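*Asks:* The opening residue of the sequence shown carries number 6 in our numbering; numbering runs sequentially from there.
For every residue, glycine included, the Cβ atom is placed at its ideal position computed from N, Cα and C.
From a predicted model like this one, the values you see are computed outputs, not experimental measurements.
Just dropping this structure here.
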Amino acid sequence: CAAGQQWQKALQLLAEIQSSELELDVISYSTAISACDRSRQWLEALQLFASMQASRLRPDFISYSAVVSACERGQQWQRALRMLREMRQDLWQP
């Protein structure tokens with residue numbers, strides 16, 4: 006699902022997981038964010054990232070990289086820089 010125009014399918018799968026007894030994890034979110042990135046859906050990628058954080062899941066390097074890339078592809082440079090700063094604080098603070 007992380008390639009081409011499969012971002013809608015990735016979002017559909019996330020919704021199906023949420024409505025079932027299963028719980029979403031960082032890998033599920035990161036895969037969907039990557040699909041949005043590759044399809045140039047930067048706003049969807051940011052919304053998924055925010056949902057992941059709201060679910061009390063801690064983004065990893067892959068999650069941050071995907072959302073930064075999505076912002077870059079969407080020419081959202083200020084958002085990309087903000088996410089890079091957040092990544093540095095979140096992942097590399099002692």
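#1: Quick check on the DSSP output: the alpha helix (DSSP H) that includes L89 runs from which residue to which?
#2: Looking at the structure shown, is C6 part of a helix, part of a strand, or coil, going by DSSP?
#3: Residues in the same chain with beta-carbon distance under 6 Å from A7, minus the five sequence neighbours each way, listed in chain order, please.
#4: Put A42 into one of helix, strand or coil per three-state DSSP.
#5: Between the beta-carbon of M57 and the beta-carbon of V73, is there less than 8 Å?
#6: Distance check for Q80 and L29, CA to CA, integer angstroms please.
*Replies:* Per the coordinate set shown:
#1: Boundaries of the alpha helix (DSSP H) harbouring L89: 82-97, taken from the DSSP string.
#2: Low local confidence applies: a pLDDT of 47 at C6 is under 50, so the model's placement there is unreliable, and no value is given.
#3: For A7, the predicted structure reports a pLDDT of 47, less than 50, and the residue's modelled location is therefore unreliable. The matter cannot be settled from this model.
#4: The sequence as given places Asp at residue 42; Ala does not occur at that position. Taken through DSSP and simplified to helix, strand or coil, D42 comes out as helix.
#5: At the C-beta level, M57 and V73 stay beyond 8 Å of one another.
#6: Cα to Cα, the separation comes out at about 29 Å.
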